[in-house]
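In this note's numbering, the protein residues as written are 2 to 448. Every residue, glycine too, gets a C-beta built ideally from N, C-alpha and C. A quick note: this is a predicted structure, and the numbers were derived from the prediction, not measured. Input: a single structure, listed below in structure tokens.
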Ligand SMILES: Cc1cc2nc3c(=O)[nH]c(=O)nc-3n(C[C@H](O)[C@H](O)[C@H](O)COP(=O)(O)OP(=O)(O)OC[C@H]3O[C@@H](n4cnc5c(N)ncnc54)[C@H](O)[C@@H]3O)c2cc1C
């Protein structure tokens with residue numbers, strides 16, 4: 002099919018954000034009598050779900066120390082709940098199980114969840130935490146735990162199935178999705194900074210508005226748009242910190258223990274919540290008892306029929322290279338560089354055994370298939386949702402984003418109606434103005 006020569010809204014990227022934006026944009030335009038899906042084109046250089054959204058673990062949670070993140074996440078959970086079947090969403094809940102060094106942070110999260118009406122239970126004290134966990138899993142044995150936050154909402158969704166569900170919703174409203182089409186540069190107006198057209202490897206498409214939703218490739222599109230490669234940040238100390246790189250990469254480490262997912266059922270035979278454990282208790286090998294770490298560490302896991310076992314991950318690591326030298330393609334499991342190795346399998350399976358006796362001696366069942374992938378992070382590891390060059394909306398989620406299915410709804414509101422209170426704390430100007438989000442004691446860069 003021929004490419005259109007001009008569209009009103011051109012969305013780059015067919016992942017969670019591009020497709021959610023396109024779907025909601027089509028619905029808004031129709032509701033406002035301003036057109037509909039026929040005004041929206043989504044392009045992707047590879048395929049639907051070819052990026053981070055298609056390999057995400059799929060965890061949906063509210064557990065964030067930053068009030069703005071929590072409010073945004075509550076809105077996103079509502080979108081997941083609006084059609085669980087289409088999004089392949091499993092609302093099993095989520096548990097943050099923490100050591101004393103994180104107790105106060107998580108207590109704050111709980112209090113604020115109560116304030117916004119987000120259903121959760123908070124257990125404090127070592128013995129109380131152990132009793133609560135044993136009430137769910139009789140073989141619970143994790144040490145160094147002094148609080149448990151049990152979010153009754155959230156859970157996880159099946160990665161590619163949910164993205165296809167979104168694509169279907171967008172296409173049902175008339176949105177066109179063209180795959181195998183790569184955006185290679187932008188054309189600008191004579192007297193303005195605004196983009197008038199995108200150049201692709203199959204021709205030029207004129208457009209009124211552009212939405213950049215390219216996940217880990219955001220640093221490339223950012224450069225094509227000639228946006229600043231470094232920023233000045235006004236720190237909490239009131240000082241200006243210059244030349245901070247705008248982007249950096251972290252490699253996410255995830256894998257699957259190839260056991261029957263039903264092995265992880267709760268004492269009463271139900272599918273369990275997603276488990277996230279952080280602890281500073283020493284972690285020893287489940288193979289030979291050697292010390293793996295005596296520093297703060299964390300893992301997360303869930304039974305998942307889609308992955309065929311107990312799937313989850315551990316803390317990511319920073320990619321120690323200038324952004325321009327990071328090989329993003331081939332992405333995900335196809336990458337020769339950013340996939341997990343035996344060290345991950347050893348640590349993660351030992352950590353599972355540390356938490357629950359049922360996982361002791363199971364490392365031999367770890368699935369030796371390529372897994373893991375890159376995420377592109379902002380200077381403070383929180384999202385940037387903002388307009389640039391007059392008509393370019395950038396959705397850069399700093400790798401928080403599979404769970405953020407509702408961001409596209411808010412972006413669509415901003416593109417058609419004005420501004421969204423929930424997105425306001427994520428503007429690019431926060432760096433220069435020093436409107437930074439509070440930082441937690443979690444060992445993960447996105448909590
Ligand atoms: C291993 C892993 C596990 C994760 N687990 C979770 C989780 O459990 N929960 C959670 O909330 N988040 C998770 N994340 C983060 C989450 O997956 C991402 O933040 C989110 O999926 C990003 O969505 P996106 O739509 O911005 O980008 P993507 O899903 O990456 O989609 C971007 C698309 O843009 C296309 N594209 C790129 N460049 C161009 C171009 N020049 N022209 C045209 N198209 C282009 C790509 O082909 C791709 O399909 C995980 C990430 C990874 C890597």
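Could you tell me whether the Cβ atoms of residue i and residue j are closer together than 8 Å?
| i | j | result |
| --- | --- | --- |
| residue 117 | residue 148 | no |
| residue 174 | residue 36 | no |
| residue 356 | residue 114 | no |
| residue 16 | residue 214 | yes |
| residue 11 | residue 199 | yes |
| residue 70 | residue 404 | no |
| residue 320 | residue 371 | no |
| residue 111 | residue 137 | no |
| residue 329 | residue 284 | no |
| residue 271 | residue 310 | no |
| residue 414 | residue 29 | yes |
Check whether the Cβ of residue i lies closer than 7 Å to any heavy atom of ligand 1, and answer yes or no.
| i | result |
| --- | --- |
| residue 300 | no |
| residue 60 | yes |
| residue 75 | no |
| residue 255 | yes |
| residue 14 | yes |
| residue 273 | no |
| residue 242 | no |
| residue 218 | yes |
| residue 403 | yes |
| residue 448 | no |
| residue 410 | no |
| residue 400 | yes |
| residue 170 | no |
| residue 315 | no |
Could you tell me which residues DSSP puts in a beta bridge with residue i?
| i | result |
| --- | --- |
| residue 91 | 157 |
| residue 304 | 311 |
| residue 357 | 141 |
| residue 319 | 251 |
| residue 62 | According to DSSP, which records beta bridges pairwise, residue 62 is partnered with nothing at all. |
| residue 121 | 152 |
| residue 338 | Beta-bridge pairing links residue 338 to no other residue. |
| residue 367 | 258 |
| residue 350 | Note: residue 350 sits in no beta bridge, so no partner. |
| residue 133 | None; residue 133 has no bridge partner. |
Using alpha carbons as the reference points, say which of the options lies closest to residue i.
| i | options | result |
| --- | --- | --- |
| residue 258 | 366, 248, 170, 357 | 366 |
| residue 406 | 316, 79, 3 | 79 |
| residue 194 | 389, 311, 267, 395 | 389 |
| residue 235 | 228, 226, 245, 227 | 245 |
| residue 87 | 221, 167, 294, 333 | 167 |
| residue 396 | 331, 403, 385 | 385 |
| residue 347 | 66, 47, 289 | 289 |
| residue 301 | 424, 274, 90 | 274 |
| residue 326 | 248, 291, 41, 186 | 248 |
| residue 164 | 120, 84, 128, 129 | 84 |
By a C-beta neighbour count over all protein chains shown, 10 Å radius and 16 as the cutoff for buried, is residue i buried or exposed?
| i | result |
| --- | --- |
| residue 439 | exposed |
| residue 2 | exposed |
| residue 436 | exposed |
| residue 401 | buried |
| residue 422 | exposed |
| residue 160 | buried |
| residue 105 | exposed |
| residue 379 | buried |
| residue 261 | exposed |
| residue 6 | exposed |
Using beta carbons (cut-off 8 Å, strictly below), is residue i in contact with chain B?
| i | result |
| --- | --- |
| residue 86 | The structure shown contains no chain B; it is built from a single protein chain. |
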